[in-house]
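Under the working numbering, residues 124 to 308 are what the sequence shown spells out, in order. Below is one structure; the comments refer to it alone.
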Amino acid sequence: MSQYWRQASTEPVRLSDWQPDWPAQAAAEAARLKQRWPQFFSGRIEHFGSTAIPGMPAKPIIDLLVEVASLAQIRDQAAPLMAAEGYQLFWRPKVKGEQEIDYLWFIKRNAEGQRSHHLHMLTPDSEHWQKLIFCHYLQQHPLVAAEYARIKRQAAADFADDRQAYNLAKAHFIRQLMARIAASS
Numbered sequence: 124m125s126q127y128w129r130q131a132s133t134e135p136v137r138l139s140d141w142q143p144d145w146p147a148q149a150a151a152e153a154a155r156l157k158q159r160w161p162q163f164f165s166g167r168i169e170h171f172g173s174t175a176i177p178g179m180p181a182k183p184i185i186d187l188l189v190e191v192a193s194l195a196q197i198r199d200q201a202a203p204l205m206a207a208e209g210y211q212l213f214w215r216p217k218v219k220g221e222q223e224i225d226y227l228w229f230i231k232r233n234a235e236g237q238r239s240h241h242l243h244m245l246t247p248d249s250e251h252w253q254k255l256i257f258c259h260y261l262q263q264h265p266l267v268a269a270e271y272a273r274i275k276r277q278a279a280a281d282f283a284d285d286r287q288a289y290n291l292a293k294a295h296f297i298r299q300l301m302a303r304i305a306a307s308s
């Protein structure tokens, strides 16, 4: 996994204009997961992130939140099957050096070796489902989405070769917006 992690963490940040076929790509991948591995993926699968927000510039990678019964089951049973079809597993433990999973995801690549999908595995009670709140808010508030798009473009220009710095440059806006959403509900 460390070779995959090195590759994934050093890939440049390149934004694309929003593409109208991204929602269809997300739906196709969700259907594929449920059809190919129904024993693991029978819960909800949600398209989120910038590719789910019309007009938003995005890294051309479809992000899906995938409901699963057990992260350990996905790591131990589904991941080997998925690896045979090109999905790269990544996970981080709750405590360094331990086996209890805090977060688990897969990267899928296209024929050119570029990332095409991120599959974020979540149990039904995961706090990470809140990522949908941010996405849905931007879908419904185009002026706020335009401000986030501006921040993303600037971050990509400033940190094209540093994914971590790119994400940190967006983090303040995301935290502030989530706090504003929470305060209004």
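Positions of the beta carbon are idealized from the N, C-alpha and C atoms, including for glycine.
Taking the alpha-carbon positions, what's the Met-301 to His-295 distance? For Met-301 and His-295, the distance between alpha carbons rounds to 10 Å.
What does the Cβ neighbour count give for Gly-172, buried or exposed, with the cut at 16 atoms within 10 Å? When all chains shown are included, Gly-172 counts as buried.
Take the Cβ of Met-124 as the centre, count every other Cβ of all protein chains shown within 10 Å, and call the residue buried at 16 or more, exposed below. Low confidence applies here, because Met-124 scores a pLDDT of 48, under 50, leaving its location unreliable; read the following figure in that light. With a threshold of 16 other beta carbon atoms within 10 Å, Met-124 falls short and is exposed.
Please classify Leu-204: is it buried, with 16 or more other beta-carbons within 10 angstroms of its beta-carbon, or exposed? Looking at its Cβ environment, which holds fewer than 16 other Cβ atoms inside 10 Å, Leu-204 is exposed.
Tell me whether Met-179 sits in a helix, a strand or coil according to DSSP, three-state version. If DSSP states are grouped into helix, strand and coil, Met-179 belongs with coil.
Kindly indicate which three-state DSSP category Lys-231 falls into: helix, strand or coil? Lys-231: strand per DSSP, three-state reduction.
For Trp-145, which option in Leu-266, His-240 and Ile-274 has the closest C-alpha, if you only look at C-alpha atoms? Considering only alpha carbons, the answer is His-240.
Can we say the stretch 234-254 touches the stretch 264-280, given the rule of at least three CB pairs closer than 8 Å? No: the two stretches stay apart, fewer than three of their Cβ pairs being nearer than 8 Å.
Near Ile-197, which residues of its chain fall below 7 Å by C-beta distance, leaving aside the five closest residues on each side in sequence? Phe-163, Val-191, Leu-227 and Met-244, listed in sequence order.
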